[in-house]
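The sequence shown lines up with residues 13 to 180 when you count with this note's numbering. In what follows, a single structure is set out as structure tokens and then discussed.
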Amino acid sequence: MNLVLDLKNYDRTETVFQRRAARAIVWKGERILLISGRYGDCKFPGGGIEPGERLEDTLAREVAEETGYRVDLPTVCRYGQVLERRKGLYEDVMEMVSYYFTCTVLADIGRQRLDAYEQDHQYQAIWIPPGEAIARNKQVTDLAHCPWVTRETLVLEHLLGQKEEETT
């Protein structure tokens with residue numbers, strides 16, 4: 013998977029802010045591990061890469077922080093990436109590269125270690141069928157507070173289409 017999502021909702025003369033993130037695709041049967049927020053949105057666990065950090069280490073750290081689950085590192089496999097361009101918070105252009113990895117998590121679950129904004133968004137780990145997550149994301153109207161919804165819905169639709177191809 014190699015997708016480009018350009019919302020074209022920005023002024024092309026503005027400063028470009030670049031960010032890279034690692035995101036987990038974790039299946040359990042027909043359900044996928046996602047983060048649910050207070051706006052009803054669903055997103056993949058993951059987040060920004062810290063300086064000097066390997067993608068796999070970012071993935072493991074972010075999944076543990078946001079869900080309490082520990083990634084089984086030998087199972088991590090690169091799935092693809094999404095290049096996303098959209099209006100940033102401060103009238104700049106946000107250019108986000110999200111690297112998606114399939115992996116499994118260990119059965120034991122710890123406690124979440126959420127940042128303040130994640131607590132404000134009321135992040136909760138959920139296991140949900142991708143079709144249901146897509147439907148929930150399409151109901152979200154406050155994209156200013158959930159700018160990731162379009163990207164995550166695109167990836168969920170890609171995964172659902174792939175699953176359907178595998179079963180036919």
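Note that CB positions come from ideal geometry on N, CA and C, so glycine has one too.
With fewer than 16 other beta carbons inside 10 angstroms of its own, Ala147 counts as exposed. Residue environment analysis places Ile121 among the exposed positions, since fewer than 16 neighbouring C-beta atoms fall within 10 angstroms of its C-beta.
C-alpha of Glu74 to C-alpha of Ser110: approximately 13 Å in a straight line. Taking the CA atoms as reference points, His170 sits about 31 Å from Tyr102. Unbroken alpha helix (DSSP H) runs of no fewer than 4 residues, entirely contained in the region 95-162, are found at 128-132 and 142-151, following chain order. The C-alpha of Phe56 is placed about 15 Å away from the C-alpha of Gln134. In this structure, Leu71 keeps its C-beta atom at 8 Å or more from the C-beta atom of Ile140. According to DSSP, residue pairing for Asn14 in a beta bridge involves Gln93. Bridge pairing for Ala34: Gly59 and Tyr111 [DSSP]. With a 10 Å radius around the Cβ and a threshold of 16 neighbouring Cβ atoms, Thr165 comes out buried. Residue environment for Gly173: exposed (fewer than 16 other C-beta atoms within 10 angstroms of its C-beta).
Per DSSP, the continuous alpha helix (DSSP H) segment holding Val75 begins and ends at Leu67 to Thr79.
Spatial neighbours of Arg24 in its own chain (CB-CB distance under 8 Å, excluding positions within 5 residues in sequence) are listed in chain order as Val105.
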